[in-house]
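Asks: In order, the protein sequences belong to chains B and C.
Residue numbers 1 to 294, in this note's numbering, belong to the letters of the first sequence in order.
Residue numbers 1001 to 1135, in this note's numbering, belong to the letters of the second sequence in order.
Even glycine gets a Cβ: it sits at the ideal position worked out from N, Cα and C.
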Amino acid sequence: SQASRGEVQIAAGAEWEAEAEPWSMVKPLDKKDRPGFLPPLFKVLYNGQGGAPRQQPDSRALRYMKRLYKSYATKEGIPKSNRSPLYNTVRLFTSCAQHEQAPGDQVTGTSASVDLLFHLDHVTAVEHLLKSVLLFTFSNSISFPAAVKCVCNLVMKEPGFPSRNPRRAPSSFTLTSQLEFPKKYKWIEVDVTAPLQPLVASNKRSVHMSVNLTCVKDQPQPPSARDSPLNVTLLVPPSLLLYLNDTSAQAHHRWYSLHYKRRPSQNAGPKRGLSACPQGEKSAEGVRPSHHRR
Amino acid sequence: GRETIGLELPKPLVPAPLNLSEYFKRFLFPQNECELHDFRLSFSQLKWDNWIVAPHRYNPRYCKGDCPRAVGHRYGSPVHTLVQNIIHEKLDSSVPRPSCVPAKYSPLSVLTIEPDGSIAYKEYEDMIATKCTCR
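Encoded structure:
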């Protein structure tokens, strides 16, 4: 009936309003909203803590992220437009438990394979994975030639599964380029999006893998016996870097502002002047202007 | 001042030179007009620098000042603002005058340390006021 449909619309409107109200977080979060859902600033306003005590991050990882921040934002924190508009979040995780499985092999230049466990508790349900990278750092004692080719052997495991028989066949990745940083540490990124995508999408809270790296000089003629492979020693176990798109209302959606000059929240914003009113009236009253002259 | 008028010869009433900008300033646009102000803070003042690594300085800016009576579309204000002003002045002063509030914002990039020691680069919407309006 007409009345019930009206009620339904009002209810729907109220429901939408509640959902759309990002500030309605003052109410206690229900289970599905992981703590990470609240941007840190609101978390402080909400529970009044000046930031709960935190584990100190790995200094090399912090140095890498500070460098990433400088390339993505100005000193005042204004995002630069020089990066892909698709992601608005980058998270770096250091492995919380790793132990060497098999020692490295100087002859083949293979680094020791390490067992890595990453806890992804702070990846929230609204953060969608776009790209994932293992970040290897080397000490400056290694003088890489101009081009180097590394092969990364990666075995994904079920967390908590005995390391003797990993659940999945080993998958190896060939790295063909090296990222040169003018710092004393060299960083090498290995794209591991493919094996990680299903885990992050299914909200897995931890990722367990073992990895080793073999690097040889990248030269046109096949390496001869005399070419000793590079002696690669992993300074620290690799970090895991996730490039995500945070789809929550508080996150900045650059691709949205690129396409639409005005975001929904700004529709209530200032009209350019009287010229905007007739447009507003038409859309507001939904009357056809042809036979309603103002 | 009655006697002073008596003493002096009546001067010809010549209007003072019309200073338009003075007139506008005095009658149409109040002295402390609604506009954007800076407020630079560092997260160490809030004792948040143990988890917000960057930026070191943050200027959220804010809007402050009186809204002129004839607001018109100078502030991008809807006609409702003028109506509210008239109600306040002519009908019921308990209805507040229009307020000076932000109309547009820009995002902010932050680098934070999560409780488990992982590091996050995030961009948040609407963290810096960039334009004011009267509403």
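By Cβ distance, which residues of its chain are closer than 7 Å to Met-209 (chain B), with the 5 residues on each side in sequence left out?
Replies: Cβ within range, chain order: Leu-116, Leu-154, Val-155, Met-156 and Lys-157.
Asks: Would Leu-240 (chain B) and Ser-132 (chain B) qualify as a contact pair, given that the criterion is a beta-carbon distance under 8 Å?
Replies: Going by C-beta atoms, Leu-240 (chain B) is nearer than 8 Å to Ser-132 (chain B).
Asks: If you measure from the beta carbon of Ser-1106 (chain C) to each beta carbon in chain B, is any gap under 8 Å?
Replies: Output row for Ser-1106 (chain C): interface = yes.
Asks: Skipping 5 residues on each side, what residues in its chain have a beta carbon closer than 6 Å to that of Trp-1051 (chain C)?
Replies: Once the five neighbours on either side are set aside, the close Cβ partners of Trp-1051 (chain C) are Thr-1112 and Ile-1113.
Asks: Nearest CA to the CA of Pro-237 (chain B): which residue from B:Phe-93, B:Tyr-69 and B:Cys-150?
Replies: Of the candidates B:Phe-93, B:Tyr-69 and B:Cys-150, the one whose C-alpha sits nearest the C-alpha of Pro-237 (chain B) is B:Phe-93.
Asks: Which one of B:Phe-136, B:Lys-149, B:Ser-248 and B:Asn-245 has the shortest CA to CA distance from Val-211 (chain B)?
Replies: Among B:Phe-136, B:Lys-149, B:Ser-248 and B:Asn-245, the Cα nearest to that of Val-211 (chain B) is on B:Phe-136.
Asks: Are the C-beta atoms of Gly-1065 (chain C) and some chain B residue less than 8 Å apart?
Replies: It does not; no Cβ of chain B falls within 8 Å.
Asks: With 16 other CB atoms within 10 Å as the buried threshold, where does Tyr-1105 (chain C) fall?
Replies: Buried, because 16 or more other Cβ atoms sit within 10 Å of the Cβ of Tyr-1105 (chain C).
Asks: Of all the CB atoms in chain C, is at least one closer than 8 Å to the CB of Thr-193 (chain B)?
Replies: No, because no Cβ of chain C sits closer than 8 Å to the Cβ of Thr-193 (chain B).
Asks: Excluding the 5 residues flanking Glu-1033 (chain C) on each side, which residues of the same chain have their C-beta closer than 7 Å to its C-beta?
Replies: Hits under 7 Å: Gly-1065, Asp-1066 and Pro-1068.
Asks: In this structure, how does DSSP classify Glu-1035 (chain C) when only helix, strand and coil are distinguished?
Replies: Glu-1035 (chain C) falls in the strand class under three-state DSSP.
Asks: Measure the CB-CB distance between Pro-1078 (chain C) and Met-1127 (chain C) and report whether it falls below 8 Å.
Replies: Not closer than 8 Å, so no.
Asks: Under 8 Å, do Pro-1102 (chain C) and Ala-1129 (chain C) count as touching if we go by C-beta distance?
Replies: Against a cut-off of 8 Å, the Cβ pair of Ala-1129 (chain C) and Pro-1102 (chain C) comes out as a contact.
Asks: For the candidate residues B:Gln-56, B:Glu-127 and B:Asp-121, whose alpha-carbon lies nearest to that of Asp-87 (chain B)?
Replies: What sits at residue 87 (chain B) in the sequence shown is Tyr, not Asp. The shortest Cα separation from Tyr-87 (chain B) among B:Gln-56, B:Glu-127 and B:Asp-121 belongs to B:Glu-127.
Asks: At what residues does the alpha helix (DSSP H) containing Ile-1086 (chain C) begin and finish?
Replies: Note, Ile-1086 (chain C): alpha helix (DSSP H), 1079-1086.
Asks: When DSSP labels each residue in this structure, what does Gly-77 (chain B) get in the three-state scheme?
Replies: Coil, per DSSP.
Asks: State the DSSP-derived secondary structure class of Tyr-72 (chain B), mapped to helix, strand or coil.
Replies: Reduced to three states, the DSSP call for Tyr-72 (chain B) is helix.
Asks: From what residue to what residue does the alpha helix (DSSP H) around Thr-89 (chain B) run?
Replies: It is not in any alpha helix (DSSP H) - Thr-89 (chain B) instead sits in the beta strand (DSSP E) that spans 89-94.
Asks: Using a beta-carbon distance below 8 Å, is Leu-1041 (chain C) in contact with chain B?
Replies: No, its Cβ sits nowhere closer than 8 Å to a Cβ of chain B.
Asks: If we define contact as Cβ-Cβ less than 8 Å, is Leu-117 (chain B) a contact residue for chain C?
Replies: Closer than 8 Å: no.
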